[in-house]
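K.L.:
Top to bottom, those sequences are chains H and W. When we follow this note's numbering, the leftmost residue of the first sequence carries the number 184, and every step to the right adds one. When we follow this note's numbering, the leftmost residue of the second sequence carries the number 184, and every step to the right adds one.
Protein chains: 2
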Amino acid sequence: MVQCSPIDRTLAALADPTRRGVLERLARGSATITELAEPCGITLTGMKKHVRLLEDAGLVTTEKVGRVRRCSAGPRRLEDIEAWMESYRRMLDERLDRFGELLERTKGVPQ
Amino acid sequence: MVQCSPIDRTLAALADPTRRGVLERLARGSATITELAEPCGITLTGMKKHVRLLEDAGLVTTEKVGRVRRCSAGPRRLEDIEAWMESYRRMLDERLDRFGELLERTKGVPQ
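1. Would you mind telling me which residues of chain W sit closer than 7 Å to L275 of chain H, beta carbon to beta carbon, in chain order?
2. Can a CB atom of chain H be found closer than 9 Å to the CB of P200 of chain W?
3. When we look at the beta-carbon of D280 of chain W and count the other beta-carbons within 10 Å, is it buried (16 or more) or exposed?
4. Apart from the five residues just before and just after L194 of chain H, which ones in its own chain have a Cβ nearer than 6 Å to its Cβ?
5. Per the contact definition of three or more C-beta pairs closer than 8 Å, is the stretch 231–251 of chain W in contact with the stretch 205–218 of chain W?
6. Buried or exposed for D199 of chain H, please, with buried defined as at least 16 other CB atoms from any protein chain shown within 10 angstroms of its CB.
7. What separation, rounded to the nearest whole angstrom, lies between the Cα atoms of V192 of chain H and A240 of chain H?
8. I want to see whether chain H comes within less than 9 Å of I264 of chain W, judged by CB atoms only; does it?
9. Give me, in chain order, the residues of the same chain whose beta-carbon lies closer than 6 Å to that of G257 of chain H; leave out the 5 immediate sequence neighbours on both sides.
10. Does DSSP put R250 of chain H in a helix, a strand or coil?
11. In chain order, what residues of the same chain lie with their CB nearer than 7 Å to the CB of R208 of chain H, ignoring the 5 residues before and after it?
12. Does A214 of chain H have its Cβ less than 9 Å from a Cβ in chain W?
13. Is R253 of chain W close to chain H? Criterion is C-beta to C-beta, closer than 9 Å.
14. Cβ of M233 of chain H within 9 Å of Cβ of R278 of chain H?
15. Kindly indicate which three-state DSSP category S255 of chain W falls into: helix, strand or coil?
16. Label A196 of chain W either buried or exposed according to how many other C-beta atoms from any shown protein chain fall within 10 Å of its C-beta, with 16 as the threshold for buried.
17. Under a CB-based cut-off of 9 Å, is R260 of chain W close to chain H?
18. Tell me whether A240 of chain W sits in a helix, a strand or coil according to DSSP, three-state version.
19. Hey, could you find the ends of the alpha helix (DSSP H) G204 of chain H is sitting in?
20. Can you give me the C-alpha to C-alpha distance between D276 of chain W and R273 of chain H, rounded to a whole angstrom?
21. Looking at the structure shown, is T215 of chain W part of a helix, part of a strand, or coil, going by DSSP?
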């Protein structure tokens, strides 16, 4: 897909355990790229790439302070993803309910 | 990342509007690859790739009936993603609460 909507970018950004770990760390407070990279055992370059993807998705904001880039939890919330998942779950449940009703009705029909 | 856990695969599978559309369509009932491809205006080969990603994530099951592949909503539910998002939201909210408390306390301190 050429077009990439906010919800696509956010889901893709979340689809990686390192990036979800970064978000959990930043939810406790801001951190530098070095502080984020060290516990993961990955390079600064690798962590910068992860942070850039999270920043593009609005999940992280960064600020350069001197030679250090400080990262914080961004303004992006996950309501649209939660709403989509809730609506999908409801559709599946309704389908199961209809299937159940059909089974109930079939029971009453003489074979 | 070389390793790819179920939650990563599911989030990556959901990070595309065509694939989310396929899930919404299949929540209403099963469909063939052709029936899924036509309303999206994409090729059968393109749709097969989307379906394979959804199948790898357990979100879709497929069954070959003669020369036709029939797709249905799969057994995979989204509880683990919802749980992660809920936990992340709670962490952010707690941080905001702590920040609010700090502001309240600072108000009482003479400048």
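Glycine included, every Cβ here is placed at the ideal spot set by N, Cα and C.
P.N.:
Walking through what the data contain:
1. A210, A256
2. yes
3. exposed
4. none
5. yes
6. buried
7. In the sequence under discussion, the amino acid at residue 192 of chain H is Arg, which differs from the Val named in the question. If you take the alpha carbons of R192 of chain H and A240 of chain H, they lie about 5 Å apart.
8. yes
9. G241, L242, V243, T244
10. coil
11. A214, L219
12. no
13. no
14. As written in the sequence, residue 233 of chain H is His, which differs from the Met given in the question. No.
15. strand
16. buried
17. yes
18. coil
19. 200–210
20. 27 Å
21. strand
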